[in-house]
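Line by line, the protein sequences give chains A and B. Residue numbering for the first sequence is 10 to 316, as defined by the working numbering. Residue numbering for the second sequence is 144 to 432, as defined by the working numbering. For reference, the structure discussed in these notes is given below.
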Amino acid sequence: MHRTPTASTTRVLARRKPLWVAINPTAWLFLLPAFAIYLVFHLLPFVQTIWLGFHEWDGASPDRTWVGLQNYVDATQDDVFWRALSHNVTFVVMNLALPIAIGLLLAVLVSNVGRGLATYRFLLFLPYVLSLAVVGIIWGRIYDPNIGIINQTLRAVGLDDLARPWLGDPSFVLVAIILAGVWHAFPFAMVIYLAGLQGIDQTLYEAARLDGANGVQIFRHVTLPSLSNVTTLLVSSAFIGGLTAFTMVWTMTQGGPFYASEVIATYIYKRAFEDIYVGYGSALSVALALLALLVTGAFIWLRERGD
Amino acid sequence: MQSVARVSSRPAHVSLGRVARQGSIHAVILVALTIAVVPFLWAILGSLKHNDAIFLDPFSFPSPPRWDNYSEAWIRGKFGTYFWNSVAIAVPSVTLTLFCSSLAGFSFARLRFPASRWVFYTFLIGMAIPTNAILIPLYYTVRDLRLLDSLPGVIFPQIASGLPFGIFMMRAFFRTLPHELEDAARIDGCSDLGIYWHIMLPLSTGALTTLLVFVFMGSWNDFLIPYVFIHEDSLRTIPLGLLHFQGSYVSEYRLIFAGIVISFIPTLILYLVFQRQFIRGITVGAIRG
């Protein structure tokens, strides 16, 4: 009797084998390198962050004082923390609205272009290819009050009074940084929407057209709902990006001037690595991680529900 | 807005409307394109000019182009050092991430063992934990391992943060391969390692290339991890070097621009050559994930 071994056959055979084979040490061996590195450099630190958040420590002495929830209580009364959090909220809102709307618009437009789709997509994707640090530094130059092209252009068209030190002005700095982020992020949304658009069943469009729907109605009732999964993903990704923003703020203003552009991540960095309040910084990190996990969890729940 | 051309049933005057519509579509795209591309062009032009020219003629083409800005940035500005540091970190980071991910992905996809789902979920959680949140204890771990200001001190954390996605991708890929290949090899007496090495790995070059591009970009562009663990100037990576340089040579705009261009040229070249893999790497993670 010749039967091709299937998974169930393998399992049956495995049951007849000694225990150490059934546990399948080879499988564990294959996992070992990945798991070892992941454990030491990602998973354990996460556990340690939570643990450290309940202590006060200066990073050097062997004693860590247990303070329970004191760090969290201190956080609720920390003005800079709440200010930074409000900046993150602005970040999240703008990071949600702008790149997604622009990305969707461009995806729809580009997918309707006869020839040149590939060229347009190639060129429009360029900002995303850059490192966030480089984006921050280039836009730091663009916003430069003297040589930056924004002020240069304003002066060239005679709007001299609108020229200002964008990154030095507390009322503009946060928005300026966020706009640089939008420049970097919109290609990501566009490319994902493009892929999503290509996946939409054409018969849905034909059916809608037969029912007499016009362009806008088709967009609202056929295109958008078919893209809802993609949109959910982009929304959660923008949320996390806005919550954990660090690099661009750090390379452009380091949170200044006077906390006008401070965000949670930069504040944590300063408290933990400059002022060396390790316990406090860890507690804030836990808060940040909880927020991020909540958002990711909500996203997964939404996706499962959508299916 | 999605148009399937049905020219035959349309009267001639409507085609003018279509031309106008196509024209405005292109116009809007061109505006977006300009905004997307101008910063690159400005940096490239500026990198070839005198400091004064950057101020006086921001959009002019430099004549003659000052190529020595680049050699100055490379040597005096230390961008050569920063460049090779980035390479020295990215290559091991990518290689090891790919190696570990494909091994683990294969194990999850094809080898049966107890609790495999739970171990997989443990890896998945990693994707939801931002590096920012674990940075503090990670710093002390690296310090206690005496890996501060060293390349492995950056490489291992980078691998750790890239593994969840890498394993997710490789597992998904291996699951799409037919069982018969494996079964036939087992009948022939092939071990698990043999199956992995002789069958699975050669078949996965496409997926591995996509993952490679993705992980390489992550490592090359990484700012946070190198910034926290490296303070020695001779070990800085390009993003770090650029920030430091900007602080020290505040008014030497031409050199800063040269440094910026040096930072993004390798990325651009990689993007040009591997454009499809770039985009596929992102969309695969998004659409399927």
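Glycine included, C-beta positions come from ideal geometry on N, C-alpha and C.
Quick test of your reading: residue i and residue j, contact by CB under 8 angstroms. State the CB separation rounded to the nearest angstrom.
{"i": "ASP335 (chain B)", "j": "THR35 (chain A)", "result": "4 angstroms"}
{"i": "LEU176 (chain A)", "j": "VAL182 (chain A)", "result": "5 angstroms"}
{"i": "THR353 (chain B)", "j": "ARG423 (chain B)", "result": "5 angstroms"}
{"i": "VAL143 (chain A)", "j": "LEU385 (chain B)", "result": "7 angstroms"}
{"i": "LEU84 (chain A)", "j": "ALA292 (chain A)", "result": "It is worth fixing the name first, because residue 84 (chain A) is Ala in this sequence and not Leu. That pair is a contact at about 6 angstroms."}
{"i": "PHE50 (chain A)", "j": "SER250 (chain B)", "result": "Not confirmed; about 20 angstroms, so no contact."}
{"i": "THR224 (chain B)", "j": "SER377 (chain B)", "result": "6 angstroms"}
{"i": "TRP37 (chain A)", "j": "PHE256 (chain B)", "result": "7 angstroms"}
{"i": "ILE277 (chain B)", "j": "PHE55 (chain A)", "result": "5 angstroms"}
{"i": "ILE381 (chain B)", "j": "PHE226 (chain B)", "result": "6 angstroms"}
{"i": "GLY402 (chain B)", "j": "GLY220 (chain B)", "result": "6 angstroms"}
Provide the residue(s) that pair with residue i in DSSP beta bridges, ordered along the chain.
{"i": "HIS64 (chain A)", "result": "A:TRP75"}
Looking at the structure shown, is residue i part of a helix, part of a strand, or coil, going by DSSP?
{"i": "TRP210 (chain B)", "result": "coil"}
{"i": "THR262 (chain A)", "result": "coil"}
{"i": "ASN238 (chain A)", "result": "helix"}
{"i": "ARG397 (chain B)", "result": "helix"}
{"i": "LYS279 (chain A)", "result": "helix"}
{"i": "ASN33 (chain A)", "result": "coil"}
{"i": "ASP153 (chain A)", "result": "coil"}
{"i": "GLY432 (chain B)", "result": "With a pLDDT of 43 at GLY432 (chain B), under the threshold of 50, the predicted position of this residue should be treated as unreliable, and no value is reported."}
{"i": "PHE359 (chain B)", "result": "helix"}
{"i": "ILE272 (chain B)", "result": "coil"}
{"i": "LEU188 (chain A)", "result": "helix"}
{"i": "HIS193 (chain B)", "result": "coil"}
{"i": "GLU215 (chain A)", "result": "helix"}
{"i": "THR253 (chain A)", "result": "coil"}
{"i": "VAL272 (chain A)", "result": "coil"}
{"i": "CYS243 (chain B)", "result": "helix"}
{"i": "TYR286 (chain A)", "result": "coil"}
{"i": "ALA84 (chain A)", "result": "helix"}
{"i": "VAL162 (chain B)", "result": "helix"}
{"i": "ALA252 (chain B)", "result": "helix"}
{"i": "GLY349 (chain B)", "result": "helix"}
{"i": "ILE209 (chain A)", "result": "coil"}
{"i": "ASN97 (chain A)", "result": "helix"}
{"i": "TYR392 (chain B)", "result": "coil"}
{"i": "LEU291 (chain B)", "result": "coil"}
{"i": "GLY306 (chain A)", "result": "helix"}
{"i": "PHE267 (chain A)", "result": "coil"}
{"i": "GLU375 (chain B)", "result": "coil"}
{"i": "ARG329 (chain B)", "result": "helix"}
{"i": "LEU168 (chain A)", "result": "coil"}
{"i": "PRO205 (chain B)", "result": "coil"}
{"i": "PRO280 (chain B)", "result": "helix"}
Which word fits residue i, buried or exposed, when buried means at least 16 other C-beta atoms lie within 10 angstroms of its C-beta?
{"i": "HIS341 (chain B)", "result": "exposed"}
{"i": "ALA110 (chain A)", "result": "exposed"}
{"i": "GLU215 (chain A)", "result": "exposed"}
{"i": "THR274 (chain B)", "result": "buried"}
{"i": "SER347 (chain B)", "result": "buried"}
{"i": "GLY189 (chain B)", "result": "buried"}
{"i": "VAL191 (chain A)", "result": "buried"}
{"i": "GLY62 (chain A)", "result": "buried"}
{"i": "GLY202 (chain B)", "result": "In the sequence as presented, Gly is not what sits at residue 202 (chain B); that position holds Phe. By the 10 Å Cβ count, PHE202 (chain B) comes out exposed."}
{"i": "TRP310 (chain A)", "result": "exposed"}
{"i": "ALA179 (chain B)", "result": "buried"}
{"i": "HIS374 (chain B)", "result": "exposed"}
{"i": "THR262 (chain A)", "result": "buried"}
{"i": "VAL147 (chain B)", "result": "With a pLDDT of 48 at VAL147 (chain B), under the threshold of 50, the modelled position of this residue cannot be trusted; read the value that follows with caution. Label assigned to VAL147 (chain B): exposed."}
{"i": "HIS322 (chain B)", "result": "exposed"}
{"i": "PRO108 (chain A)", "result": "buried"}
{"i": "SER391 (chain B)", "result": "exposed"}
{"i": "VAL162 (chain B)", "result": "exposed"}
{"i": "ALA194 (chain A)", "result": "buried"}
{"i": "SER236 (chain B)", "result": "buried"}
Query raised in the report: Does the segment 393 to 411 of chain B touch the segment 213 to 221 of chain B, meaning 3 or more C-beta pairs lie closer than 8 angstroms?
Result: yes
Report task. Could you say if the segment 226 to 244 of chain B and the segment 298 to 315 of chain B meet the contact criterion of at least three C-beta pairs nearer than 8 angstroms? Result -> yes
Query raised in the report: Three or more beta-carbon pairs under 8 angstroms between the segment 105 to 118 of chain A and the segment 190 to 207 of chain A, yes or no?
Result: yes
Query raised in the report: Would you call the segment 241 to 250 of chain A and the segment 40 to 54 of chain A touching, i.e. three or more CB-CB distances under 8 angstroms?
Result: no
Query raised in the report: Do the segment 295 to 312 of chain A and the segment 70 to 77 of chain A make contact, defined as three or more Cβ pairs closer than 8 angstroms?
Result: no
Query raised in the report: Is the segment 316 to 327 of chain B touching the segment 280 to 287 of chain B, taking contact as three or more C-beta pairs under 8 angstroms?
Result: no
Query raised in the report: Is the segment 213 to 228 of chain A touching the segment 132 to 139 of chain A, taking contact as three or more C-beta pairs under 8 angstroms?
Result: no
Requested in this report: Kindly confirm or deny that the segment 260 to 276 of chain A and the segment 260 to 271 of chain B touch, where touching means at least three C-beta pairs closer than 8 angstroms.
Outcome: no
Requested in this report: Please determine if the segment 118 to 129 of chain A and the segment 272 to 289 of chain A are in contact, where contact requires at least 3 C-beta pairs separated by less than 8 angstroms.
Outcome: no
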